[in-house]
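Notes follow once the structure below has been shown.
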Amino acid sequence: MTARSPKPVLFVAACALLDADGRILIAKRPEGKAMAGFWEFPGGKIEPGETPEQAVVRELREELSVEPCERCLHPFAFVSHPYDDFHIVMPLFLCRTWDGFPHPNEGQELAWVRKERLRDYQMSGADVSLAAELRDRL
Ligand SMILES: Nc1nc2c([nH]c(=O)n2[C@H]2C[C@H](O)[C@@H](COP(=O)(O)OP(=O)(O)OP(=O)(O)O)O2)c(=O)[nH]1
Ligand SMILES: [Mg+2]
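All residue numbers in the sequence shown are consecutive under my numbering, ending with 138.
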């Protein structure tokens, strides 16, 4: 029998919005939040009773005033990554269609980035492999 992980497991859902030129929207985590200064895919923690898709729709609305339709969210990859104090499990969805214009509602810096340039932006440990997957498979 294997020992249980002493760290909490955090379920997060994130989304890569893709524009017509194939650029990806990333956001810089603002001061005061965990992992401030790191670039990420917009999203957040999955609340009890929510599907990952519902969490993405809610988070994009809260963080960016963007409305993706749930069926426009395409599962792309997931990570299961150990941080020092928790373990994150995070699916990444792709979305090419949404209503609204992304607005940084939490003071976060936003950037539309070509997949080849993602490595120029410092991302958190869990996101590095997702950025590589986007580079290789998009
Ligand atoms: N949204 C998002 N979170 C990520 C990514 N990579 C990564 O390690 N994380 C971590 C950072 C946080 O510890 C956690 C998600 O938290 P969050 O701060 O976005 O959650 P939230 O939007 O629900 O924010 P809050 O209400 O708790 O402040 O997952 C990513 O690409 N996107
Ligand atoms: Mg968030």
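Note that CB positions come from ideal geometry on N, CA and C, so glycine has one too. This structure is a prediction, so every number in the text was calculated from the model and none was measured.
Looking at residue i: is its Cβ nearer than 9 Å to the Cβ of residue j?
{"i": "G43", "j": "A14", "result": "yes"}
{"i": "F11", "j": "M90", "result": "yes"}
{"i": "D99", "j": "E67", "result": "yes"}
{"i": "S65", "j": "F93", "result": "no"}
{"i": "A27", "j": "E109", "result": "yes"}
{"i": "K45", "j": "A55", "result": "yes"}
Can you tell which of the options has the C-alpha that lies nearest to the C-alpha of residue i?
{"i": "G32", "options": "V113, E47, E106", "result": "E106"}
{"i": "E40", "options": "R117, A131, R4", "result": "A131"}
Buried or exposed for residue i, please, with buried defined as at least 16 other CB atoms from any protein chain shown within 10 angstroms of its CB.
{"i": "D127", "result": "buried"}
{"i": "P52", "result": "buried"}
{"i": "V9", "result": "exposed"}
{"i": "K7", "result": "exposed"}
{"i": "L118", "result": "buried"}
Does ligand 1 have a heavy atom nearer than 8 Å to the CB of residue i?
{"i": "K45", "result": "yes"}
{"i": "F86", "result": "yes"}
Helix or strand or just coil, what does DSSP make of residue i?
{"i": "P48", "result": "coil"}
{"i": "D99", "result": "strand"}
{"i": "L60", "result": "helix"}
Please indicate yes or no: does the CB of residue i lie closer than 8 Å to some heavy atom of ligand 3?
{"i": "E63", "result": "This structure simply doesn't include ligand 3; it includes ligand 1 and ligand 2 instead."}
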